[in-house]
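For what it's worth, our numbering labels the leading residue of the sequence shown as 0, then goes sequentially.
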Amino acid sequence: IEGSIAETRYGTWVWIVRAAQSGVEIYVPYCATQEQQGPDSYKIIGTHSGGDQLTPAVATFDPDQPVKFDGDGEPHFEITTTCGNACFYGYYYAVSPSPFGGGACKDDADGCYGLCPLVPDPNEPDGDKQISCTLLPEMGLPKEGFSHELWSKGDVPADDFKDRPWVLQWSIDYCISTDGGACTNKANILANGKDSNLEFAVIMQPAP
Numbered sequence: 000i001e002g003s004i005a006e007t008r009y010g011t012w013v014w015i016v017r018a019a020q021s022g023v024e025i026y027v028p029y030c031a032t033q034e035q036q037g038p039d040s041y042k043i044i045g046t047h048s049g050g051d052q053l054t055p056a057v058a059t060f061d062p063d064q065p066v067k068f069d070g071d072g073e074p075h076f077e078i079t080t081t082c083g084n085a086c087f088y089g090y091y092y093a094v095s096p097s098p099f100g101g102g103a104c105k106d107d108a109d110g111c112y113g114l115c116p117l118v119p120d121p122n123e124p125d126g127d128k129q130i131s132c133t134l135l136p137e138m139g140l141p142k143e144g145f146s147h148e149l150w151s152k153g154d155v156p157a158d159d160f161k162d163r164p165w166v167l168q169w170s171i172d173y174c175i176s177t178d179g180g181a182c183t184n185k186a187n188i189l190a191n192g193k194d195s196n197l198e199f200a201v202i203m204q205p206a207p
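Below, the structure is given as C-alpha cells:
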C-alpha cells in the first residue's frame, strides 16, 4: 500500500488490512502520518511507552470480558500556547466504530469515552469516575494550556473481533482562550482553536 495523504489534520491514522491466502486470513494494522501542523496551531506533545503523539498506542484485551482502555496517564498529552492568568480550554472529539462504545457504559454518567482522567471511586457502579483535566502549568501563572489522557469502555467483543487486532481512531479538536465563552461548544472550538487538532489511534490486540 502506498500513496500520499490528502488530509490536513495533524496526526496518524490507523486501519486494519485483511489479507487471505490459501484459506488463511491475517489482520495487520497499517499507519499513515501527516506530520505538518497549521502555522498557528497549538503545541501538542504526547508521551506513552510506545512513542509520542504521532505513534499509536497499543494495548491488549481479554476477548471474553468487557473491553476497557485506561492507561492511567498512558498516553499523556499536553496542549499549550500563549494564554494568561485566566485560561479556559475546550475540546471536541469523534471516534471510529469499534467494539468500544457498547454495554453498561452507555448508561453510565461518564459515558464510554473521555479525555480527562478516570480515578477509582467505589461509589460508582463501574468503580471509577472522570475528573477534570489539568491546566498547565499546574502551579503558577500565566497558564499555557492543559493536559489530558484517553480512555474508552465497551462490551464483550463480538466474535468477529475476539481473536484479531482492531483499532479505535480518535479525532480531537482543541481550543484554548482567555475568553471563557470561546471554547464552549463544537462550533466555537472549531472557530477559535486555530486549526489545532490531533488524529491518534489505539490498537487493541487479544491478550496472549
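Each residue gets a CB set at the ideal place from its N, CA and C atoms; glycine is no exception. Remember, predicted model here, so these are calculated numbers, not experimental data.
Who pairs with residue i in a beta bridge, going by DSSP?
i	result
ASP172	TYR91 and ASN196
ARG17	TYR26
SER146	GLU77 and THR133
GLN204	THR59
What number of angstroms, rounded off, separates the C-alpha of residue i from the C-alpha of residue j?
i	j	result
VAL13	GLU198	9 Å
THR183	THR177	12 Å
ALA5	GLN35	12 Å
VAL155	LEU135	37 Å
CYS132	GLU148	8 Å
VAL66	VAL57	14 Å
TYR90	GLY153	22 Å
ARG8	VAL118	31 Å
ALA85	CYS174	14 Å
SER146	TRP169	16 Å
HIS75	ASP51	9 Å
GLY213	SER151	Beyond the ends of the chain as shown, which are 0 and 207, falls residue 213; an answer cannot be given.
LYS42	ASN191	15 Å
ALA19	VAL27	11 Å
PRO55	ASP69	14 Å
LYS185	PRO62	35 Å
Cα-Cα, which of the options is closest to residue i?
i	options	result
PRO141	GLN33, GLU34 and THR79	THR79
TYR112	PRO55, ASP120, GLY49 and SER95	SER95
ILE171	ALA206, TYR92 and PRO55	TYR92
ASP107	GLY10, GLY37, GLU123 and THR81	GLU123
PHE99	PRO205, TYR88, LEU167 and LYS193	LEU167
VAL164	PRO116, VAL201 and LYS105	What sits at residue 164 in the sequence shown is Pro, not Val. The option with the nearest alpha carbon to PRO164 is VAL201.
With 16 other CB atoms within 10 Å as the buried threshold, where does residue i fall?
i	result
ILE44	exposed
MET203	buried
ILE25	exposed
VAL16	exposed
SER195	buried
PRO121	exposed
LEU189	exposed
contact_flag[the stretch 123 to 133, the stretch 158 to 177] where n(CB pairs < 8 Å) is 3 or more:
no
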